[in-house]
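Step one of this worksheet: look at the structure below.
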Amino acid sequence: MSKWNLFFLISGNVSIKTEFGETNLTPGQIFTVEPGTKHQFIVHEDSNLIEEMYVEYDEADIQRETLGSKL
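Numbering (my numbering), first residue to last: 1 to 71.
Below you can see the structure in the form of structure tokens.
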């Protein structure tokens, strides 16, 4: 399982700092942070920022079962 972070800037001025550098976001931009990457966001003015965390599974992480009959 891999955990990703996604930032979506609705309004304002925000920077995302990682070990690879700093990126200034403008409204409407999306920035993703790969699993295991240390990150920090810096708010430069009143801003609306959404931070979403999502996971990515490989086939070995999920056990699938079929219930019922064919559709």
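Ideal Cβ positions, reconstructed from N, Cα and C, are used throughout, including at glycine.
- Alpha carbon to alpha carbon, what distance is there between Phe8 and Glu51? Their backbone Cα atoms lie some 7 Å apart in a straight line.
- Message: Taking the straight line between their C-alpha atoms, what separation do you get for Arg31 and Asp58?
- Response: It is worth fixing the name first, because residue 31 is Phe in this sequence and not Arg. So the two alpha carbons sit approximately 23 Å from each other.
- Task: State the start and end residues of the unbroken beta strand (DSSP E) segment that holds Ser15.
- Result: 14-18
- Item | Exposure of Ile16, with buried meaning 16 or more beta-carbon neighbours within 10 Å | buried
- Query: Which word fits Leu6, buried or exposed, when buried means at least 16 other C-beta atoms lie within 10 angstroms of its C-beta?
  - Reply: exposed
- Best match in Gly36, Phe20, Ser47, Ile42 for proximity to Val55 [C-alpha to C-alpha]: Gly36
- Query: What do you reckon, are the CB atoms on Glu22 and Lys38 nearer than 8 Å?
  - Reply: no
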